[in-house]
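> Here you go, one structure.
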Amino acid sequence: MALDEFSDPIGAILAGAAHTGQFTADSLAADDFANVTGFPGGQPYIPEAPVDKRRRYRTVWISDVHLGTRGCNAQMLIDFLDHVDSDTMYLVGDIIDGWRLKKKFYWPPAHNDIVWRILKRAKRGTRIVYIPGNHDEMFRQFSGLNFGGVEIRRAAFHETADGKRLMVLHGDEFDTIMLAHRWLAFVGDTLYHLLMSMNIGVNWVRQRFGLSYWSLSKMAKHKVKNAVEFISRFEELVARAAAERGVDGVVCGHIHTAEIRQIGGVDYYNDGDWVEGCTALVEHFDGRMEVLHWAEIMKERQAAEAEARARQEREAVAA
Numbered sequence: 154m155a156l157d158e159f160s161d162p163i164g165a166i167l168a169g170a171a172h173t174g175q176f177t178a179d180s181l182a183a184d185d186f187a188n189v190t191g192f193p194g195g196q197p198y199i200p201e202a203p204v205d206k207r208r209r210y211r212t213v214w215i216s217d218v219h220l221g222t223r224g225c226n227a228q229m230l231i232d233f234l235d236h237v238d239s240d241t242m243y244l245v246g247d248i249i250d251g252w253r254l255k256k257k258f259y260w261p262p263a264h265n266d267i268v269w270r271i272l273k274r275a276k277r278g279t280r281i282v283y284i285p286g287n288h289d290e291m292f293r294q295f296s297g298l299n300f301g302g303v304e305i306r307r308a309a310f311h312e313t314a315d316g317k318r319l320m321v322l323h324g325d326e327f328d329t330i331m332l333a334h335r336w337l338a339f340v341g342d343t344l345y346h347l348l349m350s351m352n353i354g355v356n357w358v359r360q361r362f363g364l365s366y367w368s369l370s371k372m373a374k375h376k377v378k379n380a381v382e383f384i385s386r387f388e389e390l391v392a393r394a395a396a397e398r399g400v401d402g403v404v405c406g407h408i409h410t411a412e413i414r415q416i417g418g419v420d421y422y423n424d425g426d427w428v429e430g431c432t433a434l435v436e437h438f439d440g441r442m443e444v445l446h447w448a449e450i451m452k453e454r455q456a457a458e459a460e461a462r463a464r465q466e467r468e469a470v471a472a
């Protein structure tokens with residue numbers, strides 16, 4: 154049934170999420186896809202951290218990667234994927250930015266590296282669920298299909314280790330600007346990418362001075378009253394929809410603002426993004442939920458590694 158045949162668009166999304174039929178398109182098989190990449194044997198070599206140095210979680214949620222844009226923090230996401238494992242991974246929309254790719258094609262090797270790392274996870278047994286967002290809405294037509302071990306869904310339900318039932322969807326369905334004035338969303342997207350271009354320049358300078366990653370757009374978002382009010386309103390709408398459907402909580406993305414909080418008795422989770430905040434939402438094996446701020450984690454790990462190398466050098470000299 155087409156989406157516009159439902160009187161309740163959110164109900165239509167969840168009806169699709171409840172569908173358990175599994176379709177496999179031979180033309181979308183991972184091996185066939187690999188054969189056109191140009192890598193020897195169809196598969197690239199992907200270095201990873203040793204198993205004992207990798208963090209392991211029951212579930213990982215990431216969204217708003219925006220592959221195909223210069224704002225995507227590809228190297229930081231690659232570092233995350235190389236140091237984190239999970240039984241299940243949800244890709245909660247805007248993984249690829251179709252809006253920007255239509256205007257100007259941009260796809261550096263690092264963006265291929267991210268796609269390959271995700272496909273490799275699926276191949277070795279990680280359940281991958283991809284829920285397209287508004288920037289990669291062209292993939293929504295394939296909901297119900299399995300592409301190279303990646304399940305494409307309009308939305309999903311997830312049960313945590315401690316028995317909580319969570320609704321998982323991108324969240325653009327609750328964006329009042331997207332719903333009422335789609336043209337304004339496109340204008341806002343253009344302005345946002347101008348800000349992200351400034352962000353890249355700022356961080357290039359910071360890197361030259363040995364300073365850690367910092368998000369100009371994230372700072373601006375938290376300082377501008379209208380942006381704060383929009384985020385608060387969005388969170389309330391999402392939580393209300395979850396409450397109406399009788400679930401314990403909801404996981405979404407879309408607004409590039411990682412958050413864990415209770416709203417009206419509903420657990421609200423936002424996994425953030427990999428443009429501004431570089432965050433992921435994770436579920437521990439006891440059901441506990443946490444937001445990982447990867448820029449901070451990576452900085453701490455690299456500092457510890459540098460100290461370990463320096464200590465080894467001192468010991469070698471002393472010997």
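The opening position of the sequence shown corresponds to residue 154 in my numbering, with each subsequent residue numbered one higher. Beta carbons: idealized from backbone N, C-alpha and C, even for Gly. Predicted model only: the values in this text are computed from it and were never measured.
Can you check which of these residues, 212, 213, 229, is closest to residue 455 by C-alpha distance?
With distances taken between Cα atoms, residue 455 lies closest to 229.
> Let me know if residue 321 comes out buried or exposed under the rule of 16 or more other beta-carbons within 10 Å of its beta-carbon.
Counting Cβ neighbours within 10 Å, residue 321 comes out buried, since at least 16 surround it.
> I need the straight-line Cα distance from residue 305 to residue 246, nearest angstrom please.
Taking the straight line from one Cα to the other gives about 10 Å.
> One question on the structure: do residue 425 and residue 412 come within less than 9 Å of each other, judged by their Cβ atoms?
Yes, the pair counts as a contact, with Cβ atoms nearer than the cut-off.
> For the stretch 426 to 443 against the stretch 393 to 409, do three or more pairs of beta-carbon atoms, one drawn from each stretch, fall closer than 8 Å, so that the two count as touching?
The answer is yes - the stretch 393 to 409 touches the stretch 426 to 443, with three or more Cβ pairs under 8 Å.
> Could you pull the DSSP bridge partners for residue 215 from this structure?
In the DSSP output, where bridge partners are listed per residue, residue 215 has 244.
> Does DSSP classify residue 445 as helix, strand or coil?
Strand, per DSSP.
> Taking just the CA atoms, how far does residue 472 sit from residue 442?
If you take the alpha carbons of residue 442 and residue 472, they lie about 46 Å apart.
> When the distance is taken between beta carbons, is residue 327 closer than 9 Å to residue 390?
Taking 9 Å as the Cβ cut-off, residue 390 and residue 327 qualify as a contacting pair.
> Roughly how many angstroms separate the alpha carbons of residue 457 and residue 450, rounded to a whole number?
If you take the alpha carbons of residue 457 and residue 450, they lie about 11 Å apart.
> Go ahead and pull the three-state DSSP assignment for residue 303.
Note: residue 303 maps to strand in three-state DSSP.
> Three-state secondary structure (DSSP) at residue 385?
Helix at residue 385.
> Can you name the start and end residues of the beta strand (DSSP E) that residue 434 belongs to?
First-last of the beta strand (DSSP E) with residue 434: 432 to 436.
> Which term fits residue 470, buried or exposed, when burial requires 16 or more other beta carbons within 10 angstroms of its beta carbon?
The residue in question, residue 470, is exposed, as its Cβ has fewer than 16 Cβ neighbours within 10 Å.
> Out of 240, 447, 222, 303, state which residue places its alpha-carbon closest to the alpha-carbon of residue 279.
Per the Cα distances, 240.
> Does DSSP put residue 467 in a helix, in a strand, or in coil?
The answer is helix: DSSP assigns residue 467 an H, G or I state.
> According to DSSP, what are the bridge partners of residue 280?
DSSP output for residue 280 lists 241 as bridge partner(s).
> What's the C-alpha gap between residue 434 and residue 213?
Answer to the nearest angstrom: the Cα atoms are 6 Å apart.
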